[in-house]
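Chains as they are written, first to last, in our numbering: chain A, 188 to 478; chain Y, 188 to 478; chain P, 188 to 478; chain R, 188 to 478. Please read the structure below before turning to the comments.
There are 4 protein chains.
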Amino acid sequence: MEKKFSFAIVGGDMRQINLAELLARDGHDVFLYAMEKSNAPDGVIQKNNISSLSNKRDCIILPLPATIDDKTLNAPFSMHKTSIDDLFSAFSTGQTVIAGKLKNSLFEKAGRSGIRLYDYLDREDFTVLNSIPTAEGAIECAMSETKTVLSGRNCLVIGFGHIGKLLCAKLRGLGANVYASARKSGDLAWISAYGYKPLHTAQIIDSIAEFDVIFNTVPAPLIRREELLFVKQNAFICDLASKPGGVDFDAARELEISAVHALSLPGKVAPLFAAESMRDTIYNILSEWGN
Amino acid sequence: MEKKFSFAIVGGDMRQINLAELLARDGHDVFLYAMEKSNAPDGVIQKNNISSLSNKRDCIILPLPATIDDKTLNAPFSMHKTSIDDLFSAFSTGQTVIAGKLKNSLFEKAGRSGIRLYDYLDREDFTVLNSIPTAEGAIECAMSETKTVLSGRNCLVIGFGHIGKLLCAKLRGLGANVYASARKSGDLAWISAYGYKPLHTAQIIDSIAEFDVIFNTVPAPLIRREELLFVKQNAFICDLASKPGGVDFDAARELEISAVHALSLPGKVAPLFAAESMRDTIYNILSEWGN
Amino acid sequence: MEKKFSFAIVGGDMRQINLAELLARDGHDVFLYAMEKSNAPDGVIQKNNISSLSNKRDCIILPLPATIDDKTLNAPFSMHKTSIDDLFSAFSTGQTVIAGKLKNSLFEKAGRSGIRLYDYLDREDFTVLNSIPTAEGAIECAMSETKTVLSGRNCLVIGFGHIGKLLCAKLRGLGANVYASARKSGDLAWISAYGYKPLHTAQIIDSIAEFDVIFNTVPAPLIRREELLFVKQNAFICDLASKPGGVDFDAARELEISAVHALSLPGKVAPLFAAESMRDTIYNILSEWGN
Amino acid sequence: MEKKFSFAIVGGDMRQINLAELLARDGHDVFLYAMEKSNAPDGVIQKNNISSLSNKRDCIILPLPATIDDKTLNAPFSMHKTSIDDLFSAFSTGQTVIAGKLKNSLFEKAGRSGIRLYDYLDREDFTVLNSIPTAEGAIECAMSETKTVLSGRNCLVIGFGHIGKLLCAKLRGLGANVYASARKSGDLAWISAYGYKPLHTAQIIDSIAEFDVIFNTVPAPLIRREELLFVKQNAFICDLASKPGGVDFDAARELEISAVHALSLPGKVAPLFAAESMRDTIYNILSEWGN
């Protein structure tokens, strides 16, 4: 990215601080808002109130997710609560804003105010990059929770979306026997084509007793008590699906089956990489929009 | 597939004969039409004229492509020309027909006659399976046309669609340094995520001098004289894109660059696998349609 | 293993308890000695003193290592100290004994007493199996100690022995750029042949600044202060070489380079797999010796 | 290789011509002997008789194999027969000579004459590099001889030496299910550790019916009539073992099993790479000998 931009980073955790540092290191002007309790990295300017946000920046960056309670900005480093509505009202017409996990109502609001609003999670480039630390984090989790190795073990990955695809590739790369489940005939063909063993998601129960490690990526109740009854002793289940996940954790506890709900892995296991993924996606957006 | 069906296989080459044999071996009733010059496999019944096609079968199977000249059935084993229009007129209402590379006008005709018409190439499952022999065939071609090994060489795959994805995976599996090019930021993210080196298709010319083997999968003029001028001595170019392909073959000849247009690889390098892919796709269609 | 044997397991930690359980589950007679403080697994008989060891068993199994202080048995679950010399004196002539990390003097003693003594670490089968959890443990360690992913990063593996070979394969399987160093031209050829980038161990210093993660497997001072001075900020060093290892940890601390000496990984990260490896090796020894 | 040497290349086929070209391109002085019928590459000097070989060169390079009939030099581009004995008599004391497949008697002769004689095949670096085109050539052979793909097929590799190891890695990289057989427990452990399925070579017959493609690397009669009787219809056997190989080809023909004896693959499928491997090995020898 040769052109230099001005960025306002508004709210967020360490990942946003890392992002600020990366952007500043590339020579851009970077301003931090709603992060008074953090130490601004070298070359980044700490701003004390959000009123100056009405000065147009090339790009305003909100966190992922932008809000947790649907009302206020996700800003753990701020001493104040900032209402999302107030924030959006402060932006100038034509302002480019990038944020994560936005509600439809915000897009409507942005549309009416002439704000160019982008959600990371609508971007294929970001969701792919974000799947890398999720897949690695799932492997790290399985390695640390089991008493054996992944090499040579039967591993099942439920769902062949972004995370499923990368997780299968990495598990095979470690020497595991990889099974993957899906529902669509096209996905099942891909599973075969990559050399994994295909399973129909509706028939998991028939072969669930074979697996040493089970990774779920589908947000649907797929590993219920009835499936858990057949799970191998010493098996481990890693649920990667967003809340409420796909595993009946109460039943698992009762049946003494080891199961973990591993959420928000990118920020936890690889905050630096997560910040780099944000930066790359922001650059892609800006170059596509011809900024 | 537990249920038994009756199939009419109408026209086609050895791949369709292999398909007839596979279906018969699974216990289905199989009839051959417009293939009088072939030897019917065990358990397959040779029919001498197509008039009896008006008897409804569970499924009528035309070849891939169903027609080459847009008028008559692709039937190299027949002594007669059969018009596609006459053929479709013979089918009963409600008849399921599966064929390949169909024109839109045939779908219209089928719609008006109440025929349930399916094109293999509209099916993700088939196109994925069909990419496997294409990718292997491309590798076989590169191995036999070059004086060196693929292991350790710089290979470029242009385009990250079905064939591109599988070809990259197999080339890396053989120990090559794999570069892949695409235009969309999402595809470029996938290329990185799988561990290949990403390149923007519009910038191929900048690094084309680095590559020992170049595989093109995009049907657009990407390797023109101006790119060929930079290609390494002893490099090899394998063009997999359908006619007219993406390589200026005249310029390549003139510049003494080795280049091959490798077309219709599945039927050539793996006819048996190609027939199995058709069979699996037909079973998928029938089970989805609740036949 | 169809034939049934009688085993005496003498000393050791949880790995030996797991081993006892595995052997008992296969239908063998298993007796525990010098493990009074442990709970004997189902079907395993707890013995209170070692005097009955003079009753010949098909195989007596000592831990790995058999002794830590060169004098007494490694027996953390025992209330008593047992001298290695006394132990060996108790064994009958012709007794088969398997143990780990034995001193030459014990082999001499065994030779004079007609004891058939085997060291796990002399067995290629065991050292290979034991390298699997070491390689996985090293990866788990790197994943948890770094703030980024392994995918796409430059990883160096110093030494291309058992652990080096498997570690390289697994790192590449995770999508890392793998460099490996060795000294012998044959090993360097293997590194190239497998598709990793070869480096001469004597020249590590020239390219050490390139690496995000460095794994050392060679027990020699290779990562000294002078090499550490060139190591990238944020890089991570995982030393797998037995004590004193190959890294100057004092210098690393001073230079604020993150470095870990990861020892005895099989027992720590995969005690169950470690017990299975012992069992398989014991079966191999017994079948080769025609017991 | 910064230092410049003088090389005499004596006899051999296109591979030696390629080698001459590579050495000349690196700036060395290169002279061709016993190759009068070939065109010397740029910068290489054609010599008409071997008498001048008594002028010491830094290194004299004979072909691989140096002789086919055990008496005369392997020199298809020469108009004359040159006796190996005469040739060796012509060399000066202290002369470095590199050649391939030498008989013990020549080493004796060399020892007595003070000639420093090296055989490529004694070098681990060369045999590893030479295994790469052998493994790729075996795959190319299987791809072209079968009517199906390697992806998803059951492939057996008999023997886990240099070629076996690389062939297994490449077959898995193409998506095959890889089985490998060996006799030593250490090799079987390696097979497991790399994630292939291990088989004892003595028990091949028990599972030979499972395999779609069988590669033999062991020069011993392992695929006899009794094994062939169980081989799957449509299976393909590729024998890579040096003559007489490991397959009963007469029985295979009789039983209509497709089998090929694929010999001398490096020179056939990758002559340029084969020349590069020779060059690299020669440089390794010269640098180790402190020339």
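Yeah, the Cβ is synthetic: ideal placement off N, Cα and C, and Gly gets one too. Nothing here was measured: the structure is a model prediction, and the numbers come from that model.
Out of curiosity, what's the CA-to-CA distance linking E323 of chain A and S331 of chain P? 10 angstroms
Residues of the stretch 321-332 of chain R with Cβ closer than 7 angstroms to any Cβ of chain C, in chain order: No chain C is present in this structure, whose protein chains are A, Y, P and R.
For a cutoff of 9 angstroms on Cβ pairs, would you count S379 of chain A as touching chain R? yes
Best match in A:N341, A:N317, A:T404 and A:S265 for proximity to S225 of chain A [C-alpha to C-alpha]: A:S265
Starting from the C-beta of R244 of chain A, find all residues in its chain whose C-beta is less than 7 angstroms away, skip the five residues before and the five after it, and write them out in chain order. S193, F194 and A195
What residues in its chain sit with their C-beta under 8 angstroms from that of T388 of chain P, if we drop five residues either side in the sequence? I345, G346, S368, A369, R370, V405 and L409
Can you tell me whether N421 of chain R is buried or exposed, with buried defined as 16 or more other CB within 10 angstroms of its CB? exposed
Between I319 of chain P and S464 of chain P, is the Cβ-Cβ spacing less than 9 angstroms? yes
Strand pairing of T254 of chain R, partner residues [DSSP]: R:L260
Under 7 angstroms from the C-beta of R338 of chain A: neighbouring residues of chain P: Before going further, note that residue 338 of chain A is Ser rather than Arg in the sequence given. Going along chain P in sequence order, the residues near S338 of chain A (Cβ under 7 angstroms) are I319 and E323.
Cα-Cα separation, S279 of chain A to G382 of chain Y: 41 angstroms
Pick helix, strand or coil for F460 of chain P, following the three-state DSSP scheme. helix
Nearest residue (CA-CA) to G198 of chain A, options A:C246, A:L304, A:F294 and A:T254: A:T254
Name the residues in the stretch 350-366 of chain R whose C-beta lies less than 8 angstroms from a C-beta of chain Y; which are they? A356, K357, R359, G360, L361 and G362
Answer with yes or no whether the minimum CB distance from N471 of chain P to chain A is below 9 angstroms. no
Could you compute how far the alpha carbon of N478 of chain R sits from the alpha carbon of K190 of chain R? Summary for N478 of chain R: the model assigns pLDDT 49, below 50, so the residue's position carries little reliability; its value from the coordinates is reported in the next sentence. Cα to Cα, the separation comes out at about 9 angstroms.
Terminal residues of the alpha helix (DSSP H) in which H349 of chain A lies: H349 to G360
Beta carbon proximity, G454 of chain A to chain R, threshold 9 angstroms: no
By alpha-carbon positions, which one of Y:D256, Y:G287, Y:S300 and Y:K290 ends up nearest to F275 of chain Y? Y:S300
Minimum Cβ-Cβ distance from T335 of chain P to chain A less than 9 angstroms: yes
Is the stretch 292-299 of chain P in contact with the stretch 218-233 of chain P, if contact means three or more CB pairs nearer than 8 angstroms? no
Residue environment, K455 of chain A, which counts as buried when at least 16 other CB atoms sit within 10 Å: exposed
According to the neighbour-count rule (16 or more other Cβ atoms, all chains shown, within 10 Å of its Cβ), is D393 of chain Y buried or exposed? exposed
Run through chain Y and tell me which residues come within less than 9 angstroms of V405 of chain A, C-beta to C-beta. Within chain Y, no residue comes near V405 of chain A; the closest Cβ sits about 19 angstroms away, beyond 9 angstroms.
Mapping the DSSP letters down to three states, classify A221 of chain A as helix, strand or coil. coil
Tell me the residue span of the alpha helix (DSSP H) that contains A302 of chain Y. The sequence given here places Ile at residue 302 of chain Y; Ala does not occur at that position. Note, I302 of chain Y: premise wrong, no alpha helix (DSSP H); not H, not E.
Just mark K357 of chain Y as buried or exposed, buried being the case when its beta carbon has 16 or more other beta carbons within 10 Å. buried
Under 8 angstroms (Cβ pairs) to chain Y, residues found in the stretch 428-460 of chain R: V456, A457, P458, L459 and F460
What residues in its chain sit with their C-beta under 6 angstroms from that of M201 of chain P, if we drop five residues either side in the sequence? P458
The beta strand (DSSP E) spanning F313 of chain A covers which residue range? Where F313 of chain A is concerned, there is no enclosing beta strand (DSSP E), although the alpha helix (DSSP H) it sits in stretches over E311 to E332.
Which value, in whole angstroms, describes the spacing of the CA atoms of D426 of chain R and E441 of chain R? 17 angstroms
Rounded Cβ spacing between V434 of chain P and A446 of chain P (contact assumed at less than 8 angstroms): 6 angstroms
Does DSSP put A407 of chain Y in a helix, in a strand, or in coil? coil
Relative to the alpha-carbon of D399 of chain P, which residue among P:T259, P:D256 and P:V418 has its alpha-carbon at the smallest distance? P:V418
Please indicate yes or no: does the CB of V315 of chain R lie closer than 8 angstroms to some heavy atom of the ligand NAD? The ligand NAD is absent from the structure shown, which contains no ligand whatsoever.
At a CB-CB cut-off below 9 angstroms, which residues of chain Y make contact with E311 of chain A? K371, S372, G373, D374, A376 and W377
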